[in-house]
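Chains as they are written, first to last, in numbering that gives the first Met the number 0: chain A, 0 to 1016; chain B, 0 to 291. Remarks on the structure that follows.
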Amino acid sequence: MEAVPGTLIHHNDRAEGKEEQMIKTVVRPNSYQDSINLMLLTNALNALDTVARSSVMMGTDANKDIFRSTGFYTDEAGTAGPSDMVIVLDVESDDAVDAALAETDRFLADLSVKKQAGGTVEVRSLNAALEAMPDANLALFSIPGEYGAPEMMKALERGLSVFSFTDNVSIEDEIRLKEYAREHGLLMMGPDCGTGIISGIPLAFTNVVRPGNIGIVGASGTGIQEVSCIIDHEGEGVIHAIGTGGRDLNEKVGGTTVKDALVALEHHDPTDVIVLISKPPAPAVRDEIVQVLHSLTKPVVAIFIGEKPDHHEEGVYLAHTLEEAALIAVDLANDRPVRENYLTPLENDVPATTVEGTVKGLYSGGTLASEAGMMISEALNLGGLTKKEGFVLNYDGYQMIDLGDDMYTQGRPHPMIDPEIRLQMIEKFSADEDTQVILLDVVHGYGTHPDMASALAPAIRAGLEAAKANGKDLTFVASVTGTRQDPQNYDDAVRTLREAGALVEATNARAVRLGLALKGVEFQEADKVVEQRDVEPVELQAPSDHVMDLLATKPRVINIGVESFNESIRTFGGQSVHYAWKPAAGGNKEMIRILNALADRDDINGANQTVIDRMRDSQPFLVDVVPARSVIEVLNTRTLLHAGPPITYADMTGPMQGSCVGAILFEGWAKDEAEARALLEAGEVNFVPCHHVNAVGPMGGITSGNMPVMVVENRVDGTTAYCTMNEGIGKVLRFGAYGPEVVNRLGWMRDVLGPVLSAALQKIEGGINLNVIISRSLGMGDEFHQRNIAGSLNLLKELVPQIVTLDIEQDIKERVIRFLADTDQFFLNVMMATCKAIVDYARQFQEGTVVTTMTRNGQNFGIRIAGMGDQWFTAPVNTPNGLYFSGYTEDDANPDIGDSAITETVGVGAMITVAAPAVTRFVGSGGGYDDALAITDEMDSICVGNNQNWSVPNWNFKGTPLGIDCALVVESGVTPLINTGIAHKEAGVGQVGAGTVRAPLACFEKALAAYAEKLGL
Amino acid sequence: MSASIPYASASVWEHLGTDWVGQVHSKFRTSLNVEVEGLLLHIGHNPNRLSGLGMSLPQGEGGLVIEDMAIGDLVRSTSQKVSLFPSRGLPVVYRWLDIQKVASTVAFGSLAPQDLELLETTLGAMRLKSRLGLDLTEEVRERLDTLVQPGAAEVDRRRAIEWLLGRGLGLTPSGDDIVAGYAFVMWANGRDVLDARLRVSARLKTTPVSATMLHMLGFGEVSSAVMAVWNALLAHDEGALKDALNGLLDLGHTSGIDTMYGMLLGARTVRAQNHPNAGVGGKVELFHVRGK
């Protein structure tokens, strides 16, 4: 089997005894997808005939534990990182793997199409999201729990309330988040908040409920769903359903969100009735909650699932079942008096004969399972609920199972999405002699299976047939939690279940009562009367303006994680920006720690701003062309400058070594190549990085003392930088060629070109203002790395009038002008010196995380950041992707090399690809204008600001990106893109193509770690 | 009336009270109907166009909420306030105390026959017949003739009204509008031609909008446009009457014409019944009475 590009395929034979099946692992590096998409993808793969089962998850530590516990762990899965998608397949053949991968590609492509069709505004950072929606008031999180707390805290710190679908957040973090939210007048809904309605907008896994004058506060997702759906069916509506997370009434959390939400609804004018749904509060919290409930002026219905209230209290009505809670709320919403009893007739006739066996409940909704367990336990006196191994009731054959429990969802989608576990259970219990009633729930709404009733129907039918064949009584009793406005069709679901042979009741409580009635047990509710209760009301603190704004407007949501959660928000009149979250720093926990510590400091942003102010305020002028040795002291010895961070001759790649040979021949240190190489190998030539002596050099960057260098002065403080002149194309020293034509050209540049340009520049008072040329050339389609033709022509326009007036021979003038006119990339070297003069001024300020140098030596990519001064941070370079001259392929390419990435350091080159769409295709960035724009936007996202002095017409006159922030690079995993020529890997051949290359992430991580250490973080 | 405050016809308090919940039944460009206890409460934002059971919301916020409301959305009233809950917008709440009550009740028997002469004269000059929404077929003429015949038996008159219900096109079919105009004049003259049985019949035979209009007329509750006619007649103000009738002209496609035609029939009926020997003026040219 051939590997799909970008895909690593590994094989493991399966456990002994099942040789025909194999566990195969496919790791897709850096392919982050949210958990819902992965669950849906797992569903799609499981639906393939050739896949026995599958598990698709990101390679986080937590997910690896799940792989282990579900028998899907492989060594290959173990090597995956948090940003890698791991597909583990239980299949019989390689063909099945191919089919699964094809389905994966189809599924992911389909997601992309849907995203485009939906017009989703997608960003890659919280800052970008807030820029796109400055008045956002809610962050909806659905990211893996292990990353949740710090990300939520960031949102709270930015003044956003939080709705956290994200679970697996520690209780300590929950307390911290909720306390922060309360102190700052924000609402913290969740963690583990599956359901919510804000101003009629369904959030996460929620039904479409008609808005009305009832507000719900709920610590239970399916509890909210069941109550709100019953209210809807009764003709009333719900304006808000504020989820709190299941632990809110825990003693440690203290009911923070419940109390805040109750008070908020008290102040929300359209809300007339409040419903509170929760497990019983911790004893220490109960009194406080009861006091709050009695201090509200609006009537409250409270249900503490598992408790059996025997009375109501004035203004606080206590329900036993979810249905009762809903019906009391409906009466209160209508200003009707609360009745003493809410038991309603069952829809189905109860047969005269009763069954002897037990009742099983196979639930996808945890609270519905608990309700069933409670009712059955009470009716049959089974001793109450348990919470063990997925059971909420397990007594004497009576089993209520919450199939959404972690025990059943490890490595597989939730049963509201994936019917598989229930299908297995239905088959199992249908064959079980003792089981005579099976209770089922079907939960509709956003996020759940598109047609669960149809998915379950064949199993119900088969179960009934099997029971009949065995002479056993078996009855399925189901309820559908949904409304007629849901994405699923409520009436069809009911019809499908009935046609399959199930008895359907309108609510879970009625379904349970029918299940009991089949056993001849009539579920009864004692009448409840309203009793006075003397509770001293407390003065409730008024909610913040922010909270009231949240409840009084359509939420403006930053959706972080599951992309599909945008759909319901937009469909019902809300606004959302999608933050396509990926684990910060690729999930590297140490980096995340450092990023958070840096974010907590107030001084970093200011420092970064100072550095980019210096870059932007720079005033580069081209003032002279001089022999390198005249300005770089060390070149008066047998020394060569080279590109990139420090490197020895032995470690240099072919082109740089070839350049060294060429430079030695040019300087006359050796008479031929062999002698030159002998000198080099003997260590008799000293090497210094260009960057150490205020210089930069393209490709190999080899610079010797007699080579002429252009002098660019930064007028702000006189910082000066140097760069050799561009030799043109073809066989040139910078690409490693060293033949006679190369050496001869260098001689002409030394003897003629350099002095002529020097003389011409001396005639221009103060030199040439490069900001003017750069700005003008940006408007003419240059990006200054791959394309410099406008800059070269604009420079020529300045130089030619001076050259023609020089007192030198005409043919010299003509040759110089012809050379300049023919050398499209001449301005590249000017630009490199310009950028060097800019960064060397900027990096005199030594704080912050702005990248002040990027360069490559063919082996390593090196960066410097402002806060670490001259220190290099390196990582192995990548090899460029691009287009090749005829006769060459990527096999011929030398790894990334050259100081020219100094242009990207200052925000041009590939950073501003959109400025030069003409070269987008050539540099292999993907093709069209849209790609160029996307690349530029992506690069902009890792920069601190923009340089308005270099405005880009093609980018709506936005300034070039400025100040690559090492922290943003590490956080996002987006590394700078570099435009580059591609040298042949062997010395002497020269350039073989051009393309782009990504800076390696590791050098940014090293720099950030070092800076954090310096700061004592 | 100010477009910046909410209004409701007095009939809302009278016939719905303040404790009710309704769902949006039908929606138009700038208004909607809410079904409350089998009746349609019309909600718009033009206080000069209140229906017989209607509300007008302030422009701006009120216009937005009407735009956001969809069929099935809830409107909930409690003793304190009325709240609209659009499924695609934000809820809006109005306190009953802040809602201006607009008179909508025509006092039973408040107009004497002589008060109606002006109406008959004015309407007679408006050449309404040629602009009616209902084709004046022979069977239509027969029923209209029955309405104005002074000697017609009550049972025949009732049958004629019942026959007209639901005839024609539109939210309020032309037959209903004619009946409405007729019933208004008769009520104002102290004759209730829309008794409970006919009101039930209307619910079965015509549109819900029309049925509500006729139901309310059965209690003398009329739209602000018809109230203007009644007020002008009470005041014997010819100018105001012409203005009010011109205002009616704008109602619906032919609703205003049909209603005025019904009023004309009513006025003639009253006159004929009070002066049986005088004959029904214009009858010969207006109606062809079969067999005569």
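Glycine included, every Cβ here is placed at the ideal spot set by N, Cα and C.
What three-state label does DSSP hand residue 471 of chain A in the structure shown? Residue numbering aside, residue 471 of chain A sits at position 472 when the first sequence is read from its first letter. Three-state DSSP puts residue 471 of chain A in coil, outside helix and strand.
DSSP beta-bridge partners of residue 440 of chain A: Counting from one through the first sequence, the residue named residue 440 of chain A turns up at place 441. Bridge partners of residue 440 of chain A: A/478.
Check whether chain A comes within 8 Å of residue 33 of chain B, counting only Cβ atoms and requiring the distance to be less than that. Here the question's residue 33 of chain B lines up with position 34 in the second sequence. Answer no: the Cβ-Cβ gap between residue 33 of chain B and chain A never drops below 8 Å.
Measuring alpha carbon to alpha carbon, tell me which of B/220, B/243, B/214 ends up nearest residue 228 of chain B. As a working mapping, residue 228 of chain B is identified with position 229 in the second sequence. When each option's Cα is compared against that of residue 228 of chain B, the closest is B/243.
Around the C-beta of residue 924 of chain A, are 16 or more other C-beta atoms found within 10 angstroms, so that it is buried, or is it exposed? Looking up residue 924 of chain A in the first sequence gives position 925. Its pLDDT being 45, under 50, residue 924 of chain A is placed unreliably in this model, and the value from its coordinates should be taken loosely. Buried is the call here.
Under 7 Å from the C-beta of residue 86 of chain B: neighbouring residues of chain A: Position 87 of the second sequence holds residue 86 of chain B. Under the 7 Å cutoff, chain A gives 199, 209, 210, 571.
Which class does residue 1023 of chain A belong to by DSSP, given the choice of helix, strand or coil? Since the first residue shown for chain A is 0 and the last is 1016, residue 1023 of chain A is missing from the structure and cannot be characterised.
Residue 504 of chain A - partner residues in DSSP beta bridges: In the first sequence, residue 504 of chain A corresponds to position 505, counting from 1. A/478.
Endpoints, alpha helix (DSSP H) assigned at residue 373 of chain A: As a first step, residue 373 of chain A must be located in the first sequence, where it is residue number 374. Counting along the chain, the alpha helix (DSSP H) containing residue 373 of chain A begins and ends at 365-379.
Sort A/329, A/513, A/457, A/900 by Cα distance to residue 353 of chain A and report the nearest one. Residue numbering aside, residue 353 of chain A sits at position 354 when the first sequence is read from its first letter. Cα-wise, what sits closest to residue 353 of chain A is A/513.
So what does residue 6 of chain B bridge to, in DSSP terms? Mapped onto the second sequence, residue 6 of chain B falls at position 7. Bridge partners of residue 6 of chain B: B/55, B/99.
Going by the beta-carbon positions, is the gap between residue 74 of chain B and residue 95 of chain B smaller than 8 Å? Counting from 1 along the second sequence, the entry for residue 74 of chain B is found at position 75. Counting from 1 along the second sequence, the entry for residue 95 of chain B is found at position 96. Taking 8 Å as the Cβ cut-off, residue 74 of chain B and residue 95 of chain B do not qualify as a contacting pair.
Environment of residue 214 of chain B [buried if 16+ CB atoms lie within 10 Å]: As a working mapping, residue 214 of chain B is identified with position 215 in the second sequence. It counts as buried.
Using the beta-carbon of each residue, which ones in chain B are nearer than 7 Å to residue 1017 of chain A? There is simply no residue 1017 of chain A to check, as chain A begins at 0 and stops at 1016 in what is shown.
Any chance the stretch 251-266 of chain A sits against the stretch 170-189 of chain A, with 3 or more Cβ pairs inside 8 Å? yes
Show which residues of chain B have a CB atom less than 8 Å away from the CB atom of residue 214 of chain A. Your numbering for residue 214 of chain A matches position 215 in the first sequence. In chain order: nothing, as chain B lies at least about 11 Å away.
Consult DSSP for residue 1002 of chain A and reduce its assignment to one of helix, strand or coil. Here the question's residue 1002 of chain A lines up with position 1003 in the first sequence. Reduced to three states, the DSSP call for residue 1002 of chain A is helix.
Apart from the five residues on each side of it in sequence, which residues of its chain come closer than 6 Å, Cβ to Cβ, to residue 416 of chain A? Numbered from its first residue, the first sequence carries residue 416 of chain A at position 417. Excluding residues within five positions, the ones whose Cβ falls inside 6 Å are 38, 448.
Using DSSP with H/G/I as helix, E/B as strand and the rest coil, what is residue 412 of chain A? Residue mapping note: residue 412 of chain A aligns to position 413 of the first sequence, counting from 1. Looking at residue 412 of chain A - three-state DSSP - the assignment turns out to be coil, as it is neither helix nor strand.
For residue 59 of chain A, I'd like the list of residues in its chain whose CB is within less than 7 Å of its CB, leaving aside the five on either flank, ordered along the chain. The sequence position of residue 59 of chain A within the first sequence is 60, counting from 1. Once the five neighbours on either side are set aside, the close Cβ partners of residue 59 of chain A are 81, 143, 145, 586.
Given that residue 268 of chain A touches chain B, what residues does it touch there, using C-beta distances under 7 Å? The count along the first sequence starts at 1 and reaches residue 268 of chain A at position 269. Result: 92.
Beta strand (DSSP E) segments (min. 3 residues) lying fully within the stretch 805-869 of chain A: Runs of the beta strand (DSSP E) lying entirely within the stretch 805-869 of chain A, each at least 3 residues long, are 850-856, 859-864 in chain order.
What would DSSP say about residue 311 of chain A, mapped onto helix, strand or coil? In the first sequence, the residue the question calls residue 311 of chain A occupies position 312. DSSP places residue 311 of chain A in strand when its eight states are reduced to three.
What does the alpha-carbon distance come out to for the pair residue 59 of chain B and residue 1010 of chain A? Taking the second sequence and counting its residues from 1, the one referred to as residue 59 of chain B is at position 60. Taking the first sequence and counting its residues from 1, the one referred to as residue 1010 of chain A is at position 1011. Going by the C-alpha atoms only, they are around 56 Å apart.
Give the straight-line distance between the Cα atoms of residue 845 of chain A and residue 601 of chain A, rounded to the nearest whole angstrom. Along the first sequence, one-based indexing puts residue 845 of chain A at 846. Along the first sequence, one-based indexing puts residue 601 of chain A at 602. Straight-line Cα distance between these residues: approximately 16 Å.
Please confirm if residue 602 of chain A has its CB atom under 8 Å from at least one CB of chain B. On the first sequence, residue 602 of chain A is found 603 positions in, with the first residue counted as 1. No, because no Cβ of chain B sits closer than 8 Å to the Cβ of residue 602 of chain A.
Could you tell me whether the Cβ of residue 289 of chain B comes closer than 8 Å to any Cβ of chain A? Within the second sequence, residue 289 of chain B is the residue found at index 290, counting from 1. In this predicted model, residue 289 of chain B has a pLDDT of only 31, less than 50, meaning its place in the structure is not dependable; the value taken from the coordinates is given anyway. Chain A, which has no Cβ nearer than 8 Å to the Cβ of residue 289 of chain B, makes this no.
C-beta contact flag for residue 163 of chain A and residue 192 of chain A at 8 Å: Here the question's residue 163 of chain A lines up with position 164 in the first sequence. Here the question's residue 192 of chain A lines up with position 193 in the first sequence. Yes.
Contact set between residue 553 of chain A and chain B, taken where Cβ atoms lie within less than 8 Å: Locating residue 553 of chain A in the first sequence gives position 554, where the first residue counts as 1. Chain B residues near residue 553 of chain A: 88, 89.
Spatially closest choice to residue 378 of chain A from A/606, A/833, A/831, A/517, by CA coordinates: The residue labelled residue 378 of chain A in the question sits at position 379 within the first sequence. In terms of CA proximity to residue 378 of chain A, A/517 leads the group A/606, A/833, A/831, A/517.
Burial state of residue 762 of chain A (16 or more Cβ within 10 Å): Within the first sequence, numbered from 1, the residue matching residue 762 of chain A stands at position 763. Looking at its Cβ environment, which holds fewer than 16 other Cβ atoms inside 10 Å, residue 762 of chain A is exposed.
Do residue 69 of chain B and residue 87 of chain B have their C-beta atoms closer together than 8 Å? Counting from 1 along the second sequence, the entry for residue 69 of chain B is found at position 70. Counting from 1 along the second sequence, the entry for residue 87 of chain B is found at position 88. Yes, they are a contact pair.
DSSP three-state assignment for residue 455 of chain A, whether helix, strand or coil: Numbered from 1 along the first sequence, position 456 holds the residue referred to as residue 455 of chain A. In this structure, residue 455 of chain A counts as helix in the three-state DSSP scheme.
Does DSSP put residue 1012 of chain A in a helix, a strand or coil? Within the first sequence, the letter at position 1013 stands for residue 1012 of chain A. Looking at residue 1012 of chain A - three-state DSSP - the assignment turns out to be helix.
Does DSSP put residue 272 of chain B in a helix, in a strand, or in coil? Against the second sequence, residue 272 of chain B aligns to sequence position 273. Helix.
Let me know if residue 291 of chain B comes out buried or exposed under the rule of 16 or more other beta-carbons within 10 Å of its beta-carbon. Looking up residue 291 of chain B in the second sequence gives position 292. Confidence at residue 291 of chain B is low in this model, with a pLDDT of 27, below 50, so the placement of that residue should be treated as unreliable; the coordinate-derived value is given next. Per the 10 Å Cβ criterion, exposed.
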